[in-house]
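Asker: Residues in the sequence shown are numbered consecutively from -11, following the numbering used here. The beta-carbon is built from N, C-alpha and C at its ideal position, and this holds for glycine as well. On a predicted model such as this, the values are computed, not experimentally measured, just so you know.
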Amino acid sequence: MSGLRRCGRERTHDTCPVVRRAPRLLTDHMSELPLVRALRVPVTDTFHGVDVTEDYRWLEDASSEETIAWTKAQQHRSRIYFGGIAWRDALRARVEQLLKSEMTTYKRLLSGGSTFFALKVQTPRQRPFLVALTGLDDPAAERVVVDPDVIDPSGETSIDFFVPSPDGKQVAVSLSEHGTEDGSLHVYDVESGKAVGEPIPHVNLMGGSVAWRLDGSGFWYTRCADIAGFRQQVWFRELGDTPDRVDLAGPFADERIAENYLSASPDGRWVMDRVQKGDGGEWQVFLRSQGAGGSWWQVAGIPDKCVHAGFGTDALYLLSLRDAPHGKVLRLLLTSGTTVASADEIVPAGDTVIEDLAVTRDTVWVVDMDGGPQQVRAFDTTGGPLPLVEIPPMSSVSSYFARLSTLGQDRVAWSCESFTEPAAWWVAGHGEAPRPTELRTTTPVDLSGYEVTREFATSKDGTRIPLNVIAAPGTPRDGTAPALLTAYGGYSISLVPRFDPGMLLWLEQGGVYAVANIRGGGEFGEEWHHAGRLATKQNCFDDFIACADHLHTSGITSRERLAIMGGSNGGLLMGAVLTQRPDIARAVVAAVPVMDSLRAETTTNGRFNTPEYGTVEDPELFTVLLAYSPYHNVVDGTAYPAVLLTAGQNDTRVDAWHAKKMTARLQEATSSDRPVLLRLESTGHLAGSLNQAIDETTDWHAFLFDQLGLGYRPSAPA
């Protein structure tokens, strides 16, 4: 990488980890907890004339004997810690009771012909599986089409995504193993459930997509030309013996970090490729006819800021942020070569943020965001408003990868849930008022007795930050209640209301669960996102600190009763906050975190994140990254809180070495007697099997309950 030069490196011959007993103890079960010290092997890099030295670069080599020995010692240490918690087995039994209770939910809903397809989760089964349904109000009549647990009884295979053919007779399914998200695309005959033809490798989840021909004779699909996960390209497969061929939408769609999102028009005339330059980056939109002689042309470029698009019967509808940070809807009549310059604005920007759109035969549906909660609005195809769509208050709307899902040309569907009410699929369309269907989450977990209040914290620059607080009625505000605060703050991803059975573990112990809508997310649109990315990333950390301070000053909890938790970009948030304000909380869980912001882009997926974080190749952004990079801002002799770092050894989004290096650095630096633990799983970035989720959830909560001095009180069954 340009701008990064290795100036020197020193390495001792003896790099095995040093293991000794911890000199200070918190609780009796920690009396035998070994302390694992990693030897310091200085490595210096120079960025734009600035020397930066670190000591644990060697932990990036997962295959070295030294790293393997150190990692095994850390895992042994963590097992001793968790094994010494007397009530962990009782807690695990409760976690298993909640997560393995007979719950059914549907994560995605699509249609082909008269058949509906859904990704179904049904505990205690290990993985979601694909089902076909004849209707939305008779789930008992479903047929299983693809079941990963049957394909792989070990539970290590997952469905990443699926797309049925227009007639519903075939379905393309991406399957990946061990959490890698490096999928292989399979075509299944829906009637028999048997695979058709050879699978297609390297169809990665991020950007992975399929667009079928109307007659089902072939499909466009995405796959990575580089097995490392770069240069995702568009290809076409003709079912039969014809070789696959590349069908790129243009140079932009072949860039190293491009991600392609394909879809086909319902009339079978057009194929669309929405191309994003890296995670959180700019968009372009391309179209081509489905005919053999068709070629791609650019409909919208980067300046047009068209972040979503959907086909109607005779037009393309685009969600544009150009001169409209809250979003506006454009209508473009479809003829070959037409561009967004010819589009008409039909839904102007308003006070709320338009997040997504979908089009049925005579209706344009949009999802609005208002700081977290969402709503659905409907318009005719010229932009005339239709009657208000009534959904429960303080709810969210989703459809797995998008907010809305079209079911043929006449219907649209969305899943609606809240913090206290489980999800149900709603359907609406021509002549049919919006209504909930029988495709709903069934669970014995009841959160309806808890209250949700929406409060606001004031950040360092005066910005008001929404804070959702969930607790039992009458929970005292005298600082005695334990509280768990979480946030994300990146990539324009909004933390919307979600029904989470695991939240009950915290609430039934008298705890408060808080979700902060900090900048960097999309809760208030493009401006909110841009105020927490690149050079303004520090706002995310300031916002979170303000929310933690609010929980303390308002009496909801106290510093010693506060735990904070975040994952992925939220794990970066945890690292930055604990290094900038070590007194912020008593305990921290940082899951699959980004911790070394200077080295992150040297990894495969790290390069995809440069549109959000920036690059060390830019002198100004290097200064920003260095200022908050958690790993580089750990200070020797500081009393850090208790920290649990988790990582997936097959994680292709955030390499496990981030957590390893931060663990080594914190263990060396902290002056407190609070533990710094590393927990590794043989999973990827996302959740593994159900059993792995149970173990992970147990350890998260055991760590937090233990460090906050709560212990665990068994509760009545949910």
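By alpha-carbon positions, which one of G171, F104 and W414 ends up nearest to V178?
Answerer: The option with the nearest alpha carbon to V178 is F104.
Asker: Three-state secondary structure (DSSP) at W284?
Answerer: coil
Asker: Along the alpha helix (DSSP H) that carries G563, what are the first and last residues, could you check?
Answerer: N557 to Q568
Asker: For A411, count the other beta carbons within 10 Å of its own beta carbon; 16 or more makes it buried, fewer makes it exposed. Which is it?
Answerer: Buried is the call here.
Asker: Residues in its own chain within less than 6 Å of E496 by CB, not counting five upstream and five downstream?
Answerer: S703
Asker: With C-beta atoms as the reference, is R547 less than 8 Å away from R574?
Answerer: yes
Asker: Could you check if V622 is buried or exposed, using at least 16 other CB atoms within 10 Å of its CB as the buried criterion?
Answerer: buried
Asker: Could you tell me the alpha carbon to alpha carbon distance between D49 and D214, rounded to whole angstroms?
Answerer: 21 Å
Asker: Check A50 in the structure and name its three-state DSSP category.
Answerer: If DSSP states are grouped into helix, strand and coil, A50 belongs with coil.
Asker: Mind checking R211: buried by the 16 CB within 10 Å criterion, or exposed?
Answerer: buried
Asker: Would you list the residues sitting across from W200 in a DSSP beta bridge?
Answerer: F207
Asker: If you scan the stretch 50 to 110 from start to end, which runs of the alpha helix (DSSP H) of 4 or more residues do you find wholly inside it?
Answerer: 53 to 71 and 76 to 87
Asker: I'd like to know whether the C-beta atoms of L473 and L427 end up nearer to each other than 8 Å.
Answerer: Between L473 and L427, the C-beta gap is not smaller than 8 Å, which leaves the two residues out of contact.
Asker: Can you tell me where the alpha helix (DSSP H) holding Y601 begins and where it ends?
Answerer: T598 to Y601
Asker: Please classify H1 as buried or exposed, where buried requires at least 16 other C-beta atoms within 10 Å of its C-beta.
Answerer: Residue confidence is low: H1 scores 31 on pLDDT, short of 50, so the model does not pin down where it sits. Its coordinate-derived value is still stated next. When all chains shown are included, H1 counts as exposed.
Asker: Which same chain residues end up closer than 7 Å to D398 when comparing Cβ atoms and leaving out the 5 residues on each side of it in sequence?
Answerer: T348, R349, G417 and H418
Asker: Hey, would you say S308 sits closer than 8 Å to D292, going by beta carbons?
Answerer: yes
Asker: Figure out for me which residue from A630, V577, G167 and Q114 has the closest Cα to the Cα of N679.
Answerer: For N679, the nearest C-alpha among the options comes from Q114.
Asker: Could you pull the start and end residues of the beta strand (DSSP E) that D356 belongs to?
Answerer: If you look at D356, you'll find it in the beta strand (DSSP E) that goes T351 to M357.
Asker: When the Cα of W284 is compared with those of D255, G315 and S324, which residue comes out closest?
Answerer: S324
Asker: Among the residues of its own chain, which have a CB less than 7 Å from the CB of L696, if the five just before and after it don't count?
Answerer: P470, R549, A551, R574 and A575
Asker: Between A635 and K316, what straight-line distance do the alpha-carbon atoms span, to the nearest angstrom?
Answerer: 40 Å
Asker: Mind checking S102: buried by the 16 CB within 10 Å criterion, or exposed?
Answerer: exposed
Asker: If you follow the alpha helix (DSSP H) that E656 is part of, which residue opens it and which one closes it?
Answerer: W645 to A657
Asker: Under 8 Å, do E443 and L455 count as touching if we go by C-beta distance?
Answerer: yes
Asker: To which residues of the same chain is S386 closer than 6 Å at the C-beta, ignoring the five residues directly before and after it?
Answerer: Closer than 6 Å at Cβ, skipping near neighbours: S403.
Asker: Between A647 and P581, which are expected to be in contact by the criterion C-beta below 8 Å, what is the C-beta distance as a whole number of angstroms?
Answerer: So it is a contact: roughly 6 Å between Cβ atoms.
Asker: Hey, how far is the Cα of A120 from the Cα of R465?
Answerer: Each residue's Cα considered, the two are about 49 Å apart.
Asker: Does N456 come within less than 8 Å of chain B when only Cβ atoms are used?
Answerer: Any reference to chain B falls outside this structure, which holds one protein chain only.
Asker: How about D261 and N248: do their beta carbons lie closer than 8 Å?
Answerer: Yes, Cβ-Cβ distance for D261 and N248 is below 8 Å.
Asker: If I'm right that E515 touches G360 with Cβ under 8 Å, what's the distance once you round it to whole angstroms?
Answerer: At roughly 16 Å, the Cβ-Cβ gap does not stay under 8 Å, so E515 and G360 are not in contact.
Asker: Would you identify the three-state DSSP class for D694, choosing helix, strand or coil?
Answerer: helix
Asker: Could you pull the start and end residues of the beta strand (DSSP E) that T394 belongs to?
Answerer: From DSSP, the beta strand (DSSP E) with T394 extends over S393 to L395.
Asker: Per the contact definition of three or more C-beta pairs closer than 8 Å, is the stretch 526 to 544 in contact with the stretch 589 to 605?
Answerer: no
Asker: Closer than 8 Å by C-beta to G498: which residues in its own chain qualify, once you throw out the five before and the five after it? Chain order, please.
Answerer: A460, T463, A469 and P470
Asker: Could you check how far apart the C-beta atoms of G761 and G206 are, in whole angstroms? I think they sit under 8 Å.
Answerer: It is not possible to answer for residue 761, since the shown part of the chain is limited to -11 through 706.
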